[in-house]
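> Residue numbers for the sequence shown follow this note's numbering, beginning at 1 and rising by one. Would you mind keeping the following structure in view while I ask a few things?
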Amino acid sequence: MTDHAALANPMTLILDKDRADFTRADMLRVVREQGIERLTFHYTGLDGKLRELKLPFTSFDQAERILAAGERVDGSSLFKGLVDAASSDLYVVPSYATAFLSPFDPLSLDFVCRFLDRDGSLASFTPDNVLAIAHRRFHDRTGLELHALGELEFFLIREGGPEYYSSQRQMGYHAAAPFFKGGEVVNEMVRHLTQITGSVKYAHAEVGYIDSVRSNNPLLAGRRAEQHEIELLTRPIEEMGDFMALARWIIRNVAHRHGMLATFAPKIEEGVAGNGLHFHLELVRDGRNVMTTPEGTLSEEALRLIGGLVHYASTLSAFGNTVASSFLRLVPNQEAPTRICWSDNNRSALIRVPLGWSRATHLAKVVNPNERQAYEDQRGRQTVEIRSPDGSASFYLLLAGITTAAEYGLTDTGSMELAARTRADGNVFADQELLARLEPLPASCVQCARLLDERRAMYQQFGVFPPAVIDHQIALLTRENDEHLNREFSQLTAEERLVATRELMHKDIHRH
Numbered sequence: 001m002t003d004h005a006a007l008a009n010p011m012t013l014i015l016d017k018d019r020a021d022f023t024r025a026d027m028l029r030v031v032r033e034q035g036i037e038r039l040t041f042h043y044t045g046l047d048g049k050l051r052e053l054k055l056p057f058t059s060f061d062q063a064e065r066i067l068a069a070g071e072r073v074d075g076s077s078l079f080k081g082l083v084d085a086a087s088s089d090l091y092v093v094p095s096y097a098t099a100f101l102s103p104f105d106p107l108s109l110d111f112v113c114r115f116l117d118r119d120g121s122l123a124s125f126t127p128d129n130v131l132a133i134a135h136r137r138f139h140d141r142t143g144l145e146l147h148a149l150g151e152l153e154f155f156l157i158r159e160g161g162p163e164y165y166s167s168q169r170q171m172g173y174h175a176a177a178p179f180f181k182g183g184e185v186v187n188e189m190v191r192h193l194t195q196i197t198g199s200v201k202y203a204h205a206e207v208g209y210i211d212s213v214r215s216n217n218p219l220l221a222g223r224r225a226e227q228h229e230i231e232l233l234t235r236p237i238e239e240m241g242d243f244m245a246l247a248r249w250i251i252r253n254v255a256h257r258h259g260m261l262a263t264f265a266p267k268i269e270e271g272v273a274g275n276g277l278h279f280h281l282e283l284v285r286d287g288r289n290v291m292t293t294p295e296g297t298l299s300e301e302a303l304r305l306i307g308g309l310v311h312y313a314s315t316l317s318a319f320g321n322t323v324a325s326s327f328l329r330l331v332p333n334q335e336a337p338t339r340i341c342w343s344d345n346n347r348s349a350l351i352r353v354p355l356g357w358s359r360a361t362h363l364a365k366v367v368n369p370n371e372r373q374a375y376e377d378q379r380g381r382q383t384v385e386i387r388s389p390d391g392s393a394s395f396y397l398l399l400a401g402i403t404t405a406a407e408y409g410l411t412d413t414g415s416m417e418l419a420a421r422t423r424a425d426g427n428v429f430a431d432q433e434l435l436a437r438l439e440p441l442p443a444s445c446v447q448c449a450r451l452l453d454e455r456r457a458m459y460q461q462f463g464v465f466p467p468a469v470i471d472h473q474i475a476l477l478t479r480e481n482d483e484h485l486n487r488e489f490s491q492l493t494a495e496e497r498l499v500a501t502r503e504l505m506h507k508d509i510h511r512h
């Protein structure tokens, strides 16, 4: 490999090869040359937070044994309710392709791991493996790869005080210093995430801004909140699950090191933008995007993908919106969907088809008339975006559900008709006739749980989602006990309702 940019993965610079080609011998070379003292294994439990196991070694033989065989962990502690304590041991085995030099521990070589059972097979109940199995089945059935990118929205919370340059409420979109103060902190997040994953598209300030958060939670009360977004580049969907876990870990760690707090909570104030977790999807064959025709219109494959997402939309909320405050974000006229439909560019639709350079690629020549060198994007960039998930999402299971929906769309004869029937042009909320005929998204966690239980066969029939995983998700949602919140809140005074709403939004700002 050559032509390394400034933010290239240090591992690829040391080994001069693509990460997909990393071997155990390569890892041992890095251990020797970089003076590594320990290996650190990362994986997630049911809450999606990155866990770690530190493995020091006193010989290279010991390091090689760890790299070759992995280590043993207690699955009943990581996956309470899914694993019997009497048979709970799991292996965690490193994926060499994920290796990175930790930005927070310079003497560690870190890996993302997979869980294997006693027979050496992927443990079928862990969320990361559910996603890996779903994508393997999708590829086998369709001959395509499903790629995804995530848009991570989060609030940076810092101490308040007098400001020479103060931003305005709901006016933060793409704001710059000195009005938004988190730019240098986000730069650090982006640098680490880019070097580790190679898949950051961009970062920017988002709409939300609160000069002084009103809350009974001492971590938030009186502090200033700026909303930011880091958007990734498309990668195979099982990799995107790992990147979501790594990104949250990096964002939280960098914020903490700067005396700030980062939260992905779906909502932290009424009338202020919430934290979405939108995913863009593309279908890939032989390394090329197949979402458009040569004329630049959506391909049949893309329309089938949309039809599959529409078919599964109401149950996907069970994985994408897992706390009661999720449904304070999913309200009309807030660039958040409430009806199951799709549209070009329209941010009020559940599924959006954004601009994708399908009819114009070399746009720079329009504003740079002296540019003579032609440019053509051979791969293609068109995506479709699902906009309902938020920062509470069980993201591995959500992406596995999206993959299952995509398989349905690509293989079922009814998906094209479903896509045609649910297309919505213009503002969904401005057309009452259209609004009336579109199916609403669930309005509470309890409703999500009920729908998932009623339609669980959609996920279990292919053997991708074990019944115990569905049962766990239903129990998680049911515990929110939020089905009658709107009725309860309607009986409160305006001030009482605001206090109760904030209590709900702020009760667990680090849930996932």
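Glycine included, C-beta positions come from ideal geometry on N, C-alpha and C. The structure presented is a predicted model; accordingly, all values stated were derived computationally and were not measured.
So, does the segment 370-385 touch the segment 456-465, judging by three or more C-beta pairs under 8 Å?
no
> Can you tell me where the beta strand (DSSP E) holding Y43 begins and where it ends?
38-44
> Exposed or buried, what is S215 when buried is set at 16 or more other beta-carbons lying within 10 Å of its beta-carbon?
The residue is buried, with at least 16 neighbouring Cβ atoms inside 10 Å.
> My output table needs one value for A177: the three-state DSSP class, helix, strand or coil.
coil
> Less than 8 Å between the beta carbons of A148 and T234, yes or no?
A distance below 8 Å separates the beta carbons of A148 and T234.
> Out of G414, D453, L477, R437, point me to the one whose CA is closest to C445's CA.
For C445, the closest C-alpha among the options G414, D453, L477, R437 is that of L477.
> Just list the alpha helix (DSSP H) runs in the segment 116-200, keeping only unbroken ones of 4 residues or longer that don't cross its boundaries, in chain order.
127-142, 183-197
> Taking the C-alpha atoms as reference points, what is the distance between D412 and M240?
Rounded to the nearest angstrom, the two C-alpha atoms are 26 Å apart.
> Quick check on A86: buried or exposed, where buried means 16 or more other Cβ atoms within 10 Å of its Cβ?
In this prediction, A86 scores a pLDDT of 47, lower than 50, which makes its location untrustworthy; the coordinate-derived value is nonetheless stated afterwards. Answer is exposed; the Cβ neighbour count stays below 16.
> Out of D425, E407, V367, A318, which one is the CA nearest neighbour of S388?
A318
> Indicate the three-state DSSP secondary structure (helix, strand or coil) for A86 in the structure shown.
Caution applies to A86, whose pLDDT of 47 falls short of 50 and renders its modelled position unreliable; the model cannot decide the point.
> Quick one: is N187 buried, meaning 16 or more other Cβ sit within 10 Å of its Cβ, or exposed?
exposed
> Secondary structure at L67, three-state DSSP: helix, strand or coil?
helix
> Going by DSSP, what residue range makes up the alpha helix (DSSP H) through R29?
24-33
> So for D453, helix, strand or coil by DSSP?
D453: helix per DSSP, three-state reduction.
> Count the other CB atoms, across all protein chains shown, that sit within 10 Å of the CB of D390; report buried if there are 16 or more and exposed otherwise.
buried
> Thinking C-beta only, is V464 closer than 8 Å to T513?
Absent from the model: residue 513. The displayed extent of the chain is 1 to 512, so no value can be given.
> Let me check you understand the geometry: is the CB of A430 closer than 7 Å to at least one non-hydrogen atom of the ligand SAM?
The ligand SAM is not part of this structure, which contains no ligands at all.
> Would you kindly work out how many angstroms separate the C-alpha atoms of R19 and E64, rounded to a whole number?
Distance between R19 and E64, taken at the CA atoms: about 19 Å.
> Could you tell me whether the segment 245-253 touches the segment 301-309, where touching means 3 or more Cβ pairs closer than 8 Å?
no
> Go ahead and pull the three-state DSSP assignment for G208.
strand
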